[in-house]
Each structure stands twice: as C-alpha cells, then as structure tokens.
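Down below is the structure, laid out as structure tokens.
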Amino acid sequence: NGLHILRKIKEEAFELPVLMMTAHADVALAVEAMKEGAVDFVIKPFDLAHLIVLIEKSMEQSLLKRKVKLLQDELEQQRQRSGIIGRSQGLRRILDMSERLALSDNTTVLIEGESGTGKELLARFIYQKSPRAEKPFITLNCGAIPKNLAESEFFGYEKGAFTGATDRMRQGKFELANGGTIFLDEIGELSLDMQVKLLRVLEERRFYRLGGTRELGIDVRVIAASNRDLAKEVEEGRFREDLFYRLNVASVKIPPLRQRKEDIGVIAFAFTHEFAKRFAKEPPKLSPEALQFLESQQWKGNIRELRNAIERAVLLGDGPVLAVEHFAFLHSTNGKQHAGMPQPNSNGKRYALEVPESGVSMGTVVRDLILKTLQITNGNQVHAAKILGLTRSKLRYRMDQLGIQPEQRAYRINVHEPSPN
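Our numbering puts the sequence shown at residues 665 to 1085.
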C-alpha cells in the first residue's frame, strides 16, 4: 500500500520529499503518513494549481533542510580541521570564549592544561578565527631550546654575534611572526633571565637581535601555554610574577579528558575514521562495551594517548567492530582488569610494552612486535599469526605494509648452536 511504498522511499532516500495522495479522507491514515515522513497529504479529487503549490513548497522546504545540513557539516568540518572535536558543554564554552578572544587580536592569551589536552590546537583555533589569520603563525617550544640558544631563537642574531654565527644574519621567531601570531609552548620552562627579556618585549614591542645595535619594532600577538600551574610556580619562585600577570591578560583552562568523558566517543569516532583512511580500511565501529571501557580510563596522556590507542586498535583490528579486547594494552581506571578484557594465559604471562617519553610511532611498535613474534616462533608465520590473533594472509599484509623484508620474515634462530663468540 501507500504507507509501505513511503517507508521504502524513506529507507532509500530519506531526504526526498514525498506527497501522499489518496481517495479517502482518512485522518488516521494522514497522521500515520506524516509520522512516516510525508510532507503533506492530498485527497482526490484535487486542484492542479493547489498541487503545484504543494510541490513547490515541499521542494523549498527540502532545499532549506539540505542547506542547513550542509552548513552544519561545514561547521563540523571547520572544527575538525582545527583538530578540536567534542560535544561536552565544557569544550563548547572554551570554544565560544576562544572565538571572542580571537577578535581582540592584540590581547595576550594564556592556555593552561595537562600535556596532550590540545593546547596548540586551541592556539591555532584562536589564530584561525582572528583578523591575523592570513599572517604567520609561528610556534616555539620553550622547553626544547637549550638555555644558551634561547635568546637567539627568540630574537635572532647578527653575523658574528657568537661562535658559529659567521655566515649571515638570522631572524628570530618573534621577527618571523611579525604581523601574525607567535605561540610560546611550555612557557613555564623558560629560565628566569629569559623571562625578563620576554617581559620587556611584551611591554615595549621592541627588541634587539643578539649582537645587534638597531632596535626593531614588532606587531605580534602572543599566545602562551603551560602544562604547569603558573600561579603556583610564581609562589615557589620559579616564574616571575610580573611576567605571569602580563601573560594572564586572558586565560583559558582546558580540562583533562577524564573530566569530559562525553567527548571520548566523538573523538574516538574521528580517530577511527582518520586511521582507517590511512591504513586503507573500512572505518570500524566501537562496541558499546569498548566505548564504556575507554570512558573508564584515566587518560593521563589525554587526547594524545587516546589517539595512540585508537591508532593501534585500528591497525591491528581485523573486523568491522573494535571490541574491548582490542584495547587489552590499556589499564582500567581502578587498576583492575576490565570484565571484557582477555585473561592471562595459563602461565600468567602478559605482553608488556614500555613507551618512551619522547614518543614512538605505532608503525614502529607494530613492526617490532611482529619481528619479535617471528623470532619467538623461529620464523613460523602460521604460529606467529596465531599468537598475534591474525590470519596468515593478514599477517603478510601487515608485513608488506610495514616494509618487513623477506629475509626478516624468514627469521631463524638455533637455540642449540653456540654463539660464534
């Protein structure tokens, strides 16, 4: 009947506007049709002019809905391009406030939050929304600069300013950012003497290159970030109070991921699509149990740690769904094994992994894991695939993807043969 056809149309093309036509003035049928998605209900006999008006009205409404959907998608894409994804009220407030701060493009902004919360992404978001968006955005990690090179990194140097500066003049980060925005990450790592020099530049907007005699003026917006509590650093004498107040004209605090659990699902969804595309796979879904498990984590590394976890799960996972066991390398928040996690084997051994603070790529981890397993199995790929929970063909695909050469796949060891030494 008509309702059945309406349902089929909506299954195939949900946004297509449908007008229902009947010879019976049945109110219940009309209500049911509207519930199923019909835009209007026409009773025979009908006036052709009236029908044309209804069709035009339906098309206008359909086009309007599509336009709204496109705008929503565009907005979401813009936010995803900035790397800031989430649906929590806390994050929305941060983004709304950041958009307002962006418009005041001379105001210094201080962003505080734990490592991995996305401080640089938020700084870029402010920059992209500001009138300076077409000008340079220069980043400088204050914690990564040797103390003796800090001044030249900030302000540049003249030829012959110090040993090694014999070739030519070099511009510093502030000069490169002129007209735009400079992002000073981990500002709390700056030495006290560099804090004094930075304060002068922030107040006077002028500086000298190292070894220079000509004072240079700059027009630059400063956004600083720290994973430390700078107010506490001031109290303990490790950060200058006057510089803190100069930086803290406007401040944004990003809460850790464990305090906005409603963001975990949408962030994980975005990462599964990102890595599925990278690894040429269909994007897997997260099972409800896996999502619940992810939401139970402390995420001390915040979004960076979640990203690494999803990357590993997508890379090693085979099916259309990521289940709890795909995250067996994580620990639950209470330190106990999650109900859905794989149990230890008969001899109580587990796979252990140490991650260096400097970081490591997932490709390297997986490559090392496969090579180690081939070593353990004396090059037996069938046995190695079984240990890793893969099919043999999937293991070969992984080895091809990671560039593991044939001679490495045929790994052989002889435990009975003594070392040549």
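Built from N, CA and C at the ideal position, the CB exists for glycine as well.
Computed from a predicted model, the values in this text were never measured in an experiment.
Legend entry - Reduced DSSP category for LYS729 - H, G, I as helix; E, B as strand; rest coil: What you label residue 729 is simply residue 65 of the sequence shown in a count that begins at 1. Of the three classes helix, strand and coil, the one that applies to LYS729 here is helix, per DSSP.
Inset, instruction - Output the boundary residues of the beta strand (DSSP E) element that contains ARG788. - result: Looking up residue 788 in the sequence shown gives position 124. It is not in any beta strand (DSSP E) - ARG788 instead sits in the alpha helix (DSSP H) that spans 783-793.
Inset, instruction - Can you give me the Cβ contacts of LEU950 inside the same chain, cut-off strictly under 8 Å, excluding the 5 residues immediately before and after it? - result: Taking the sequence shown and counting its residues from 1, one reaches residue 950 at position 286. Closer than 8 Å at the Cβ level, and outside the excluded window around LEU950, lie GLY929, ALA932, PHE933, THR936, LEU958, VAL985, LEU986.
Inset, instruction - Return the chain-ordered ranges of every alpha helix (DSSP H) run that is complete within the stretch 853-910 and spans a minimum of 4 residues. - result: 856-868, 894-899
Inset, instruction - Take VAL1030 and list the residues in its own chain whose beta-carbon comes closer than 8 Å to its own, dropping the five residues that flank it on each side. - result: Indexing the sequence shown from 1 puts residue 1030 at position 366. ARG976, LEU979, LEU980, ARG1062, LEU1066.
Legend entry - Sheet register partners of LEU774 (DSSP bridge): Position 110 of the sequence shown, counting from 1, holds the residue named residue 774. Answer is ALA888, SER915, bridged to LEU774.
Legend entry - Opposing strand residues paired with THR686 [DSSP bridges]: Taking the sequence shown and counting its residues from 1, the one referred to as residue 686 is at position 22. Per DSSP, ILE707.
Inset, instruction - Using a Cβ-Cβ cut-off of 7 Å, state whether ARG869 counts as contacting chain C. - result: No chain C appears in the structure shown, which is made up of a single protein chain.
Legend entry - As assigned by DSSP and simplified to three states, the class of GLY820: Indexing the sequence shown from 1 puts residue 820 at position 156. Strand, per DSSP.
Inset, instruction - Under 8 Å Cβ to Cβ from TYR909, same chain only, skipping five residues before and after it: list those, please. - result: For the purposes of this step, residue 909 is identified with residue 245 of the sequence shown, where counting begins at 1. Within the same chain, TYR909 has no close Cβ partners at all.
Inset, instruction - For LEU994, name the three-state secondary structure that DSSP assigns. - result: In the sequence shown, residue 994 corresponds to position 330, counting from 1. Coil.
Inset, instruction - Identify every residue that forms a DSSP beta bridge with LYS925. - result: What you label residue 925 is simply residue 261 of the sequence shown in a count that begins at 1. Its beta-bridge partners do not exist; DSSP assigns none.
Legend entry - Nearest candidate by alpha-carbon position, reference ARG892, set SER752, ASP857, GLU850: As a first step, residue 892 must be located in the sequence shown, where it is residue number 228. Minimum Cα distance to ARG892 is reached at GLU850.
Legend entry - Other residues of its chain near SER726: CB distance less than 7 Å, five sequence neighbours each side excluded: Working through the sequence shown from its first residue, we reach residue 726 at position 62. Closer than 7 Å at Cβ, skipping near neighbours: GLU679, PRO681.
Inset, instruction - Determine the closest residue to GLY901 out of PRO919, MET833, ILE809, GLY852, with distance taken between C-alpha atoms. - result: Residue numbering aside, residue 901 sits at position 237 when the sequence shown is read from its first letter. Ranking the options by Cα distance to GLY901, first place goes to GLY852.
Inset, instruction - Run the CB neighbour count on THR877, radius 10 Å, all protein chains shown included, and call it buried at 16 or more, exposed below. - result: Start at 1 with the first residue of the sequence shown, and residue 877 comes out as number 213. Exposed: under 16 other Cβ atoms inside 10 Å.
Inset, instruction - For my contact list, GLY780 and ARG924 are in at a C-beta cut-off of 8 Å; report their separation, rounded to the angstrom. - result: Your numbering for residue 780 matches position 116 in the sequence shown. Your numbering for residue 924 matches position 260 in the sequence shown. That pair is no contact at about 13 Å.
Inset, instruction - Determine, using beta carbons only, whether PHE818 and GLY836 come nearer to each other than 7 Å. - result: Start at 1 with the first residue of the sequence shown, and residue 818 comes out as number 154. Start at 1 with the first residue of the sequence shown, and residue 836 comes out as number 172. Their beta carbons are under 7 Å apart, which means PHE818 touches GLY836 by this criterion.
Inset, instruction - Specify the secondary structure class of ASN665 as computed by DSSP and reduced to three states. - result: For the purposes of this step, residue 665 is taken as the residue at position 1 of the sequence shown. Here ASN665 sits in coil by DSSP.
Legend entry - Beta-carbon spacing of ALA914, LEU765 below 7 Å: Sequence index remark: in the sequence shown, residue 914 carries index 250 (1-based). Sequence index remark: in the sequence shown, residue 765 carries index 101 (1-based). Yes, the Cβ-Cβ distance between ALA914 and LEU765 is below 7 Å.
Inset, instruction - Give the DSSP-derived three-state secondary structure of PRO1008 in the structure shown. - result: Within the sequence shown, the letter at position 344 stands for residue 1008. With a pLDDT of 41 at PRO1008, under the threshold of 50, the modelled position of that residue is not reliable, and the figure given next carries that caveat. Reduced to three states, the DSSP call for PRO1008 is coil.
Legend entry - Closest by C-alpha distance to GLY875, when choosing among ASP760, ILE790, MET761, MET833: In the sequence shown, residue 875 corresponds to position 211, counting from 1. When each option's Cα is compared against that of GLY875, the closest is MET833.
Inset, instruction - Report yes or no: do the stretch 772-792 and the stretch 884-899 share at least 3 C-beta pairs separated by less than 8 Å? - result: yes
Inset, instruction - Can you say whether VAL695 is buried or exposed, counting buried as having 16 or more other CB atoms within 10 angstroms of its CB? - result: The count along the sequence shown starts at 1 and reaches residue 695 at position 31. Exposed, by the Cβ-count rule.
Inset, instruction - Rounded to whole angstroms, what's the CA-CA distance from ARG922 to MET684? Just pull it up for me. - result: Mapped onto the sequence shown, residue 922 falls at position 258. Mapped onto the sequence shown, residue 684 falls at position 20. Using only the alpha carbons, I get a separation of about 50 Å.
Inset, instruction - Can you grab the Cα-Cα spacing for the pair LEU880 / ILE846, in whole Å? - result: Within the sequence shown, numbered from 1, the residue matching residue 880 stands at position 216. Within the sequence shown, numbered from 1, the residue matching residue 846 stands at position 182. Rounded to whole angstroms, LEU880 to ILE846 spans 16 Å at the Cα level.
Legend entry - THR1055: first and last residue of the uninterrupted beta strand (DSSP E) it sits in: Looking up residue 1055 in the sequence shown gives position 391. That residue, THR1055, is in no beta strand (DSSP E); it is neither H nor E in DSSP.
Legend entry - Spatial neighbours of GLY1004 in its chain, beta-carbon cut-off 6 Å, leaving aside the 5 residues before and after: Position 340 of the sequence shown, counting from 1, holds the residue named residue 1004. A caution first: GLY1004 carries a pLDDT of 42, below 50, which makes its placement in the model unreliable, though a value can still be read off. Correct list, in chain order: GLU953, VAL988.
Inset, instruction - Tell whether a beta-carbon distance below 7 Å holds between LEU840 and ILE882. - result: Walking along the sequence shown from the start, residue 840 turns up at place 176. Walking along the sequence shown from the start, residue 882 turns up at place 218. Their beta carbons are not under 7 Å apart, which means LEU840 does not touch ILE882 by this criterion.
Legend entry - Separation of ILE669 from LYS708, as counted between CA atoms: Residue 708 sits at position 44 when you count from the first residue of the sequence shown. Residue 669 sits at position 5 when you count from the first residue of the sequence shown. Distance between the alpha carbons of LYS708 and ILE669: 19 Å.
Inset, instruction - Could you check which residue in GLY1043, LEU1052, HIS688, TYR821 has the C-alpha nearest to that of GLN1069? - result: Indexing the sequence shown from 1 puts residue 1069 at position 405. Considering only alpha carbons, the answer is GLY1043.
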